[in-house]
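Single-structure report; data block below.
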Amino acid sequence: MGAVTPRTVAELARCIDHTLLVPGATRAEVLAACADAAAWGVAAVCLSPSRLPLPAGVPGAGVATCTVVGFPSGAHAPAAKAHEAALAVDHGAGEVDMVVDLGRVRDGEWAAVEAEVRAVRAAIPDRVVLKVICESAALDDGALRATCRAAVAGGADFVKTSTGFHPAGGATEHAVATMREAVGPAIGVKASGGIRTTAAALAMLAAGATRIGASATGAILGGFAPPPR
2 MGAVTPRTVA ELARCIDHTL LVPGATRAEV LAACADAAAW GVAAVCLSPS
52 RLPLPAGVPG AGVATCTVVG FPSGAHAPAA KAHEAALAVD HGAGEVDMVV
102 DLGRVRDGEW AAVEAEVRAV RAAIPDRVVL KVICESAALD DGALRATCRA
152 AVAGGADFVK TSTGFHPAGG ATEHAVATMR EAVGPAIGVK ASGGIRTTAA
202 ALAMLAAGAT RIGASATGAI LGGFAPPPR
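The sequence shown maps to residues 2 to 230 in the numbering used here.
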């Protein structure tokens, strides 16, 4: 997967997971986010697992339902993450974003990191997209690369920068480029955390991201201008 250069608003929308993970989000806010996701034609709407299952027909054709596992700390037993992922799929999730165990990462326990990703992968069908959140801002480049490689070895379809809740911060172009280098062209890279403008989203795509996680989807799409031909 090379750099993505959207030429239309619709192409940019298909690169976005519209996200609502605020713990206090109400049912009305969740349904409004789903309606927005469908209207914009984004790739997925990403919601807290407690908000699944959604009503029939929501979010709408062509928009995947995504949820999070082990969120936001990642400090959960692998079996708990696997069960949470399986339950989410039973409740309609077609994509799962799991948080890696940062303690294991900091200890350099790469076999354990791979094993927990593998446990989640084994608990959900192959058709379900598995993204592994590395919390890139909390890691140096070496640890970030190793985390990405362990995630891929465990069966991840994507590696993802951030939860958006860690005090170290969110996505950066440097982190995205480092992750792309680590996983090669066949694995997705999702940039998430602090992406609120069109320019920021396009910069992440140019750095190697194939998906953007954002709550500011309307602002990102509203500021898009087609690139010159």
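Every residue gets a Cβ at the ideal spot worked out from N, C-alpha and C, and that includes glycine.
Please read these numbers as outputs of a predicted model, since none were measured by experiment.
Per DSSP, residue i forms a beta bridge with which residues?
i, result
"Ser49", "According to DSSP, Ser49 bridges with nothing at all."
"Val69", "Asp98"
"Leu21", "Leu48"
"Arg212", "Lys191"
Between the C-alpha atoms of residue i and residue j, what's the straight-line distance to the nearest angstrom?
i, j, result
"Cys16", "Glu110", "32 Å"
"Ala207", "Arg122", "29 Å"
"Ala200", "Leu13", "12 Å"
"Ile226", "Glu182", "Here residue 226 turns out to be Ala, not Ile, going by the sequence shown. Spanning the two alpha carbons is a distance of roughly 29 Å."
"Thr6", "Met205", "10 Å"
"Gly58", "Gly170", "35 Å"
"Ala149", "Met180", "For the record, residue 149 in the displayed sequence is Cys; it is not Ala. Cα to Cα, Cys149 sits roughly 7 Å from Met180."
"Leu88", "Arg8", "38 Å"
Taking the alpha carbon of residue i as the point to measure from, which residue in the options has its own alpha carbon closest?
i, options, result
"Ala154", "Gly95, Thr68, Met205 and Gly185", "Gly185"
"Ala1", "Ala87, Leu55, Thr66 and Phe159", "Outside the modelled stretch of the chain, which goes from 2 to 230, sits residue 1, for which no answer is possible."
"Ala192", "Val46, Ala178 and Ala172", "Ala172"
"Val190", "Ala178, Asp142 and Ile196", "Ala178"
"Ala80", "Ala124, Gly61 and Ala94", "Ala124"
"Arg212", "Leu203, Arg52 and Pro126", "Leu203"
"Gly42", "Ala65, Leu22, Gly58 and Glu96", "Ala65"
"Cys67", "Pro73, Asp98 and Val133", "Asp98"
"Leu55", "Leu222, Cys149 and Ala33", "Ala33"
What residue does the alpha helix (DSSP H) around residue i start on, and which one ends it?
i, result
"His84", "Pro79 to Asp91"
"Gly219", "Thr218 to Gly223"
"Val31", "Arg28 to Trp41"
"Val10", "Val10 to Ala14"
Please decide whether residue i counts as near chain B, where near means a Cβ-Cβ distance under 8 Å.
i, result
"Gly155", "Note that chain B does not occur in the displayed structure, where there is just one protein chain."
Contained beta strand (DSSP E) runs [length at least 3] in the segment 96 to 178, N- to C-terminal order:
96 to 100, 130 to 134 and 159 to 161
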